[in-house]
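Asker: Dropping a structure here in structure tokens format, bear with me for questions.
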Amino acid sequence: MENFELLLRGFSVSLTPINIGAAFLGAILGLIVGAMPGIGSLAGVALLLPLTYKFNPTTAIIMLGALYYSNMYGGSFSAILLNIPGDSPAVMTALDGYPMAKKKKRPGQALFTANTASCIGGTIGIIILTFAGPALANIGLKFGPSEMTAILLIAMTSISWLVGENPIKGIVITAFGILLASMGMDTLSGAPRYDFGNMYLLGGIPFTPFVIGTVGFSQVISLINERNNKTEKIDAKLSIKGSLLSRRELKRLLFPSIRSGLLGTFVGVLPGAGATTGSFMGYAVQKRFKSEEELGTGAVEGIAACEAANNAAAAGSFAPLLALGIPGSGTGAVLLGGLMLWGLSPGPLLFQNEPDFAWGLISSLFLSNLLTLAVAIAIIPFLTKILSVPTKYMIPIITVVCVVGSYSTTYSMYGVLVMLLSGIFGYFLQKNDYPTAPMLLSFVLAPLLESNMRKAFIISGGSLNIFFTRPITLVLMLVFFAMILIPLVRSIINKTKKGKVA
Amino acid sequence: MKSKIFALMAGVLTLSVFFTGCQSGGGNGAAKEYKPASNVDWYVASSPGGGSDIFSRIISDIMITEGIVDANFIVTNKTDGGGEVVRNEVAHMKGNKADNTLLTFNSGCLMPMVENTKNRASNFRVIAVMAVDKQLLFKTEHTKYADFAEAIEAAKNGETVVIGGSKGDDVATYEALVKEIGVSQDNMKYITYDATSDAITAGLGGHVDFVMSKPAAASEYVEANSLIPVLALSKERYTGNLADAPTLSEVGEYNDVEVPVWRSVVAPASMSDEAVAFWTEAFRKVSETERWQNEYIDKYKLIPDFMDAASATDYITEFEKNFKESKGIQ
Amino acid sequence: MTSTKTKRLTPIIFIVMGLVFAYLGFNEFGFWSEVDGPLPGFFPSIMAIVMVFAGIVSLIQSFKDTKAAEYNGPELLVVAGGIGIFVSTFIIGLVPTIFLYIILWLKLYEKAPWKPTLVVLGVAAAITIGVFGMWLGIQFPMGVFENIL
Numbered sequence: 001m002e003n004f005e006l007l008l009r010g011f012s013v014s015l016t017p018i019n020i021g022a023a024f025l026g027a028i029l030g031l032i033v034g035a036m037p038g039i040g041s042l043a044g045v046a047l048l049l050p051l052t053y054k055f056n057p058t059t060a061i062i063m064l065g066a067l068y069y070s071n072m073y074g075g076s077f078s079a080i081l082l083n084i085p086g087d088s089p090a091v092m093t094a095l096d097g098y099p100m101a102k103k104k105k106r107p108g109q110a111l112f113t114a115n116t117a118s119c120i121g122g123t124i125g126i127i128i129l130t131f132a133g134p135a136l137a138n139i140g141l142k143f144g145p146s147e148m149t150a151i152l153l154i155a156m157t158s159i160s161w162l163v164g165e166n167p168i169k170g171i172v173i174t175a176f177g178i179l180l181a182s183m184g185m186d187t188l189s190g191a192p193r194y195d196f197g198n199m200y201l202l203g204g205i206p207f208t209p210f211v212i213g214t215v216g217f218s219q220v221i222s223l224i225n226e227r228n229n230k231t232e233k234i235d236a237k238l239s240i241k242g243s244l245l246s247r248r249e250l251k252r253l254l255f256p257s258i259r260s261g262l263l264g265t266f267v268g269v270l271p272g273a274g275a276t277t278g279s280f281m282g283y284a285v286q287k288r289f290k291s292e293e294e295l296g297t298g299a300v301e302g303i304a305a306c307e308a309a310n311n312a313a314a315a316g317s318f319a320p321l322l323a324l325g326i327p328g329s330g331t332g333a334v335l336l337g338g339l340m341l342w343g344l345s346p347g348p349l350l351f352q353n354e355p356d357f358a359w360g361l362i363s364s365l366f367l368s369n370l371l372t373l374a375v376a377i378a379i380i381p382f383l384t385k386i387l388s389v390p391t392k393y394m395i396p397i398i399t400v401v402c403v404v405g406s407y408s409t410t411y412s413m414y415g416v417l418v419m420l421l422s423g424i425f426g427y428f429l430q431k432n433d434y435p436t437a438p439m440l441l442s443f444v445l446a447p448l449l450e451s452n453m454r455k456a457f458i459i460s461g462g463s464l465n466i467f468f469t470r471p472i473t474l475v476l477m478l479v480f481f482a483m484i485l486i487p488l489v490r491s492i493i494n495k496t497k498k499g500k501v502a
Numbered sequence: 503m504k505s506k507i508f509a510l511m512a513g514v515l516t517l518s519v520f521f522t523g524c525q526s527g528g529g530n531g532a533a534k535e536y537k538p539a540s541n542v543d544w545y546v547a548s549s550p551g552g553g554s555d556i557f558s559r560i561i562s563d564i565m566i567t568e569g570i571v572d573a574n575f576i577v578t579n580k581t582d583g584g585g586e587v588v589r590n591e592v593a594h595m596k597g598n599k600a601d602n603t604l605l606t607f608n609s610g611c612l613m614p615m616v617e618n619t620k621n622r623a624s625n626f627r628v629i630a631v632m633a634v635d636k637q638l639l640f641k642t643e644h645t646k647y648a649d650f651a652e653a654i655e656a657a658k659n660g661e662t663v664v665i666g667g668s669k670g671d672d673v674a675t676y677e678a679l680v681k682e683i684g685v686s687q688d689n690m691k692y693i694t695y696d697a698t699s700d701a702i703t704a705g706l707g708g709h710v711d712f713v714m715s716k717p718a719a720a721s722e723y724v725e726a727n728s729l730i731p732v733l734a735l736s737k738e739r740y741t742g743n744l745a746d747a748p749t750l751s752e753v754g755e756y757n758d759v760e761v762p763v764w765r766s767v768v769a770p771a772s773m774s775d776e777a778v779a780f781w782t783e784a785f786r787k788v789s790e791t792e793r794w795q796n797e798y799i800d801k802y803k804l805i806p807d808f809m810d811a812a813s814a815t816d817y818i819t820e821f822e823k824n825f826k827e828s829k830g831i832q
Numbered sequence: 833m834t835s836t837k838t839k840r841l842t843p844i845i846f847i848v849m850g851l852v853f854a855y856l857g858f859n860e861f862g863f864w865s866e867v868d869g870p871l872p873g874f875f876p877s878i879m880a881i882v883m884v885f886a887g888i889v890s891l892i893q894s895f896k897d898t899k900a901a902e903y904n905g906p907e908l909l910v911v912a913g914g915i916g917i918f919v920s921t922f923i924i925g926l927v928p929t930i931f932l933y934i935i936l937w938l939k940l941y942e943k944a945p946w947k948p949t950l951v952v953l954g955v956a957a958a959i960t961i962g963v964f965g966m967w968l969g970i971q972f973p974m975g976v977f978e979n980i981l
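In order, the protein sequence lines correspond to chains A, B and C. In terms of the working numbering, the first sequence opens at residue 1 and continues consecutively. In terms of the working numbering, the second sequence opens at residue 503 and continues consecutively. In terms of the working numbering, the third sequence opens at residue 833 and continues consecutively.
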């Protein structure tokens, strides 16, 4: 109740013309930056940070919060329209977003689904942040290396659902992704791994150019085959009204969004897990539930699950940032730096010492969420027009975007080289019937899993006990084994039954 | 038709070169006096928003607003190869560019560079050391040891004590610490986190016994009594709310351990003497401004320790020599 | 052009890579420590071995696969275009390269009229110079001009 009153006070701070204006500006800028492949929320926030220097601290941080938030919305645009994820959380959105836009010719609805689910997930995240932020942050603290290992093992099981028809190829490509991710400096030992004496490889393979290449550039290579197809006029009217979902579809998106919103918020609180992990987990969990259409073919549920989760995780990550001064991710670290620049110190005393600022920020997140939704929906007709551009003109434009986006992640042609090589390799994999999604997933999750597992072993002195004596870890490990064994046992029982019947 | 295309291409190429912007070479190598170019490149070998980035941007900003240097600084973050690529590039720059390029360079940059590449501090001209930082060890409410002396005893008795900290400099300090105490690294373990904030998170959650951190990252938690300073990794005690932490010589019969984390700015080896003199003076002026003291030193709780080109070179060369010896590197 | 050979080549590439990574993992980076558990080579070595075995199975499967992988000229041209952009950047810089690429691609390959070509050029300029260059302040490489200017 007290928090609610404080929140209302916060609204009185944020609902001033200048602060609303700042939130609006932040929302628009974040949308644009988020939509650009290569500029993820980390780079986006870092690059746009100087723009906020002109304002007073509260206004500046409101603008920054809106920017960070709307980045999450923007990332889905290029994922849905071009199959080039704008940032890593949008990788999963592309799996259903692009088929819905392209094959089902419903780009407006795909964008509308993404935006609505983002808003629902984000709202859930901000509500939880408001009422249980500090408590959640403290729960997050209890998740140490062994707990994180267990959670990541559960997240890794979701890869099994992405392997497609040939599980052997799926296993090969998953292992490949893990090996690629292991190249570079090993933080725990401080020694380089698999750098083959090359200075660039000391830093490993940068993720964003890798994704842009594997998903985006390889996509461009295949697009050339479609360039002579007449660009079908999108049947649905290119208007906001024409992009609305039917009542049934709205219902379909509701439960996945709520579920993912809750899950995503919690994932966002966890140390080291951010919006990317959130969206992967959201999608993985959705696989366990019924969807009217199969996931991966353009299902509303698929888009809703990952978008709600990634926005909720973005909100959730504010909990440890504000309550404990702990940035949950690289982007959080930049936000933290920004806050400190204005003389504010997130930490255990923030809510005590600077209540106006803290609650002003939280209330502005509600505001940004709604403002971004409004702007995002308003520009749907403009965005869907992109799809009616003839393919032969899209090819050079997308190539340019891939090149420039990859360059901007590393400020060097190394990013472009990684993008090109992974694009060529991604194209090659596609031709030889290897799925690429498991590789991307394992590339992101495996380093986190390995690092947490090794830390857990260092603490336990090499003993496996740590995974079975700590209560939270034990519960999560049981869930993990259940997720592996139950389908296995079920299939054995089914085979036995079939055998008996025959 | 084709000639039209070629003509257009030539036109476009010329125009686009202009659009990309020219870096006019303002400085002249021939004359004795050095003047910086209108655009000076300043490279940071880590991501935007981090400590080195803030350091570089604040200094460049002070230089412009206080009228110390009449130039535009282009601060660029280049993280390829964990920063090794840009360090290598800057080290080998020649010509006019060399006179107008700066690189932020900390002890945390030097250590992996020496360990993993052939690049050495002698491949740079050191312009100035601007500040120094040191660490402390902190315990939390979950720590079962009342103070660090107890932890040392426990480790000597074969128990496992776990310290969490960041990579780079913190690791070097840990290694110096266990060496001085005479405890095996198997009993007093160190877990390397990507950033100090991750180590603090682990400490607050009770997953590690002690947290190694520099004052800035820990101050809020010390205020809130979530982190309690138990050891000053320095030759003298800290002040303020960190004053209670004893140095190692006060804990037992040991020498004090400190592995200072220095922040400096370097330039390519072929930067001219005149340019070095100019820049070291510019940095000296920055270190004397109030803005530097208030917006950086005090805010991030560092130790102001300006060293000009000559002293900084000696300091860093000595540091590198000691580090190489400790690691057995040629 | 179609090729069943690449369907066999792909698993072989993975098997070789797995062997290299496993060898380095076991020998160079350390596998297991009594005190600390897994060392840097532990996880990658195991994954590399998994990749080798799965690769062998995949190779065997590929002999039964009768459907060939189809490659065609235009697709390889897109690849060549990308490589061309990369190489050309070192000579004339990224922004001029992009303009050159668009003109060459649209006029020589697609044989598109001038109007859409200029529109595409305009869009590319808006994104590259406008958004990334001016607004986000990213410095693009200038090739050999870096030393001249």
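Ideal Cβ positions, reconstructed from N, Cα and C, are used throughout, including at glycine.
Can you tell me the Cβ-Cβ gap for Pro438(A) and Ile159(A), rounded? I've got them flagged as a contact below 8 Å.
Answerer: Counting from 1 along the first sequence, the entry for residue 438(A) is found at position 438. Counting from 1 along the first sequence, the entry for residue 159(A) is found at position 159. That belief holds up - the Cβ atoms of Pro438(A) and Ile159(A) are roughly 5 Å apart, short of 8 Å.
Asker: Flag this pair as touching only if the segment 170 to 185 of chain A and the segment 383 to 393 of chain A have three or more C-beta atom pairs under 8 Å; answer yes or no.
Answerer: Short answer: they don't touch.
Asker: Apart from the five residues just before and just after Val588(B), which ones in its own chain have a Cβ nearer than 6 Å to its Cβ?
Answerer: Indexing the second sequence from 1 puts residue 588(B) at position 86. Once the five neighbours on either side are set aside, the close Cβ partners of Val588(B) are Tyr545, Ala547 and Lys580.
Asker: Skipping 5 residues on each side, what residues in its chain have a beta carbon closer than 8 Å to that of Gly660(B)?
Answerer: Position 158 of the second sequence, counting from 1, holds the residue named residue 660(B). Cβ within range, chain order: Asn689.
Asker: Give me the chain D residues within the contact set of Lys142(A), using Cβ-Cβ distance strictly less than 7 Å, ordered along the chain.
Answerer: The chain labelled as chain D is not found among the protein chains of the depicted structure, namely A, B and C.
Asker: Using 8 Å as the limit for Cβ to Cβ distance, is Ile561(B) near chain C?
Answerer: Translated into the one-based positions of the second sequence, residue 561(B) becomes position 59. Chain C, which has no Cβ nearer than 8 Å to the Cβ of Ile561(B), makes this no.
Asker: What do you get for Phe853(C), buried or exposed, if any count of 16 or more other CB atoms within 10 angstroms of its CB means buried?
Answerer: If you number the third sequence from 1, residue 853(C) lands on position 21. Its Cβ being crowded by 16 or more others within 10 Å, Phe853(C) is buried.
Asker: Could you round the C-beta distance between Ile970(C) and Ser408(A) to whole angstroms and report it? I think they count as a contact, below 8 Å.
Answerer: Taking the third sequence and counting its residues from 1, one reaches residue 970(C) at position 138. Taking the first sequence and counting its residues from 1, one reaches residue 408(A) at position 408. Right, their Cβ atoms sit about 5 Å apart.
Asker: Whose C-alpha, out of Asn727(B), Ser686(B), Glu682(B) and Ala674(B), is nearest the C-alpha of Val663(B)?
Answerer: Along the second sequence, read from residue 1 onward, the residue named residue 663(B) stands at position 161. When only C-alpha atoms are compared, the closest one is Ser686(B).
Asker: Give the residues of chain B in contact with Gly203(A), contact being defined as C-beta atoms less than 9 Å apart.
Answerer: Stepping through the first sequence from its first residue, residue 203(A) is reached at position 203. Neighbours of Gly203(A) on chain B, chain order: Thr581, Asp582, Gly583, Gly584, Gly585, Glu586 and Val587.
Asker: Between Met883(C) and Leu152(A), is the Cβ-Cβ spacing less than 8 Å?
Answerer: Locating residue 883(C) in the third sequence gives position 51, counting from the first residue. Locating residue 152(A) in the first sequence gives position 152, counting from the first residue. Contact flag unset, no.
Asker: On a Cα-Cα basis, can you pick out the residue from Glu677(B), Ile683(B), Thr645(B) and Asp635(B) that is closest to Lys658(B)?
Answerer: For the purposes of this step, residue 658(B) is taken as residue 156 along the second sequence, with counting starting at 1. Measuring from the Cα of Lys658(B), the nearest candidate turns out to be Ile683(B).
Asker: Apart from the five residues on each side of it in sequence, which residues of its chain come closer than 8 Å, Cβ to Cβ, to Gly529(B)?
Answerer: Working through the second sequence from its first residue, we reach residue 529(B) at position 27. With a pLDDT of 43 at Gly529(B), under the threshold of 50, the modelled position of that residue is not reliable, and the figure given next carries that caveat. The residues are Tyr536, Lys537, Pro538, Ala539, Asn598, Asp601, Asn602 and Ala777.
Asker: For Phe758(B), I'd like the list of residues in its chain whose CB is within less than 6 Å of its CB, leaving aside the five on either flank, ordered along the chain.
Answerer: Here the question's residue 758(B) lines up with position 256 in the second sequence. At residue 758(B) the sequence reads Asp, which differs from the Phe that was named. So the qualifying residues of the chain are Lys737, Thr749, Leu750 and Ser751.
Asker: List the residues of chain A that Val882(C) touches, going by C-beta distances under 8 Å, in chain order.
Answerer: Taking the third sequence and counting its residues from 1, one reaches residue 882(C) at position 50. Those are Ile171 and Ala175, listed as they occur along chain A.
Asker: Residues of chain C with CB closer than 8 Å to the CB of Glu293(A), please, in chain order.
Answerer: Along the first sequence, one-based indexing puts residue 293(A) at 293. Near Glu293(A) there are no residues of chain C at all, since even the closest Cβ is about 27 Å away, more than 8 Å.
Asker: Just to confirm my understanding: we take Leu370(A), look at its own chain, exclude 5 residues before and 5 after, and list those with CB closer than 8 Å. What are they?
Answerer: The count along the first sequence starts at 1 and reaches residue 370(A) at position 370. Excluding positions up to five away in sequence, the list reads Cys119.
Asker: Could you check whether the segment 688 to 704 of chain B touches the segment 761 to 774 of chain B, counting it as contact only if at least three pairs of C-beta atoms, one from each stretch, sit closer than 8 Å?
Answerer: Flag = no, the segment 688 to 704 of chain B and the segment 761 to 774 of chain B do not touch.
Asker: Would you mind sorting Val269(A) into buried or exposed? The rule is 16 or more other CB atoms within 10 Å of its CB.
Answerer: For the purposes of this step, residue 269(A) is identified with residue 269 of the first sequence, where counting begins at 1. When all chains shown are included, Val269(A) counts as buried.
Asker: Residues of chain B with CB closer than 7 Å to the CB of Val867(C), please, in chain order.
Answerer: Here residue 867(C) refers to the residue found at position 35 of the third sequence. What Val867(C) touches in chain B: Asp688.
Asker: Quick check on Pro346(A): does DSSP put it in helix, strand or coil?
Answerer: Taking the first residue of the first sequence as position 1, residue 346(A) is located at position 346. Coil at Pro346(A), not helix or strand.
Asker: Could you list the residues in the segment 591 to 609 of chain B with a C-beta less than 8 Å from some C-beta on chain C, going in chain order?
Answerer: Per Cβ criterion, the list reads Gly597 and Lys599.
Asker: What residues in the segment 396 to 427 of chain A have a beta carbon less than 9 Å from any beta carbon of chain C?
Answerer: Correct list: Pro396, Ile397, Thr399, Val400, Val401, Cys402, Val403, Val404, Gly405, Tyr407, Ser408, Tyr411, Ser412, Met413, Val416, Leu417, Met419, Leu420, Gly423, Ile424 and Tyr427.
Asker: At 3 residues or longer, what runs of the beta strand (DSSP E) sit wholly inside the segment 246 to 289 of chain A?
Answerer: Qualifying beta strand (DSSP E) stretches: none in this window.
Asker: For the segment 669 to 695 of chain B, which residues have a CB atom closer than 9 Å to at least one CB atom of chain A, in sequence order?
Answerer: Residues Lys669, Gly670, Val673, Asp688, Lys691, Tyr692, Ile693, Thr694 and Tyr695.
Asker: Helix, strand or coil: which one does DSSP assign to Pro327(A)?
Answerer: Start at 1 with the first residue of the first sequence, and residue 327(A) comes out as number 327. Pro327(A) falls in the coil class under three-state DSSP.
Asker: How about Ala791(B) and Val628(B): do their beta carbons lie closer than 8 Å?
Answerer: As a first step, residue 791(B) must be located in the second sequence, where it is residue number 289. As a first step, residue 628(B) must be located in the second sequence, where it is residue number 126. At residue 791(B) the sequence reads Thr, which differs from the Ala that was named. Not a contact, by the Cβ cut-off of 8 Å.
Asker: Does DSSP classify Ile234(A) as helix, strand or coil?
Answerer: One-based indexing of the first sequence puts residue 234(A) at position 234. Interpretation of Ile234(A) is limited by its pLDDT of 47, a score under 50 that renders its predicted location unreliable; the figure taken from the coordinates is listed afterwards. The answer is coil: DSSP assigns Ile234(A) none of H, G, I, E or B.
Asker: Are the C-beta of Asp195(A) and some C-beta of chain C separated by less than 8 Å?
Answerer: Residue 195(A) sits at position 195 when you count from the first residue of the first sequence. No, Asp195(A) does not count as interfacial toward chain C.
Asker: Which word fits Gln637(B), buried or exposed, when buried means at least 16 other C-beta atoms lie within 10 angstroms of its C-beta?
Answerer: On the second sequence, position 135 is the one that residue 637(B) refers to. Buried, because 16 or more other Cβ atoms sit within 10 Å of the Cβ of Gln637(B).
Asker: Which bits of chain A does Glu738(B) rub up against, with CB to CB less than 7 Å?
Answerer: Along the second sequence, one-based indexing puts residue 738(B) at 236. Within chain A, no residue comes near Glu738(B); the closest Cβ sits about 26 Å away, beyond 7 Å.
Asker: Please determine, among Tyr427(A), Met185(A) and Thr157(A), the residue with the shortest C-alpha to C-alpha distance to Phe480(A).
Answerer: Locating residue 480(A) in the first sequence gives position 480, counting from the first residue. Nearest C-alpha to Phe480(A): Thr157(A).
Asker: Going straight from the alpha carbon of Tyr283(A) to that of Asp543(B), what length do you get?
Answerer: Looking up residue 283(A) in the first sequence gives position 283. Looking up residue 543(B) in the second sequence gives position 41. Going from the Cα of Tyr283(A) to the Cα of Asp543(B) covers about 44 Å.
Asker: What does DSSP give as the partner residues of Ser865(C) in its beta bridges?
Answerer: Here residue 865(C) corresponds to residue number 33 of the third sequence, with the count starting at 1. Its beta-bridge partners are Gly869(C).
Asker: Determine whether the Cβ of Gln971(C) lies closer than 8 Å to any Cβ atom of chain B.
Answerer: Working through the third sequence from its first residue, we reach residue 971(C) at position 139. Yes, Gln971(C) counts as interfacial toward chain B.
Asker: Classify Gln822(B) as buried or exposed, calling it buried when 16 or more other Cβ atoms lie within 10 Å of its own Cβ.
Answerer: As a working note, residue 822(B) is residue 320 in the second sequence. Residue identity differs from the one stated: residue 822(B) is Glu in this sequence, not Gln. With 16 or more other Cβ atoms within 10 Å, it is buried.
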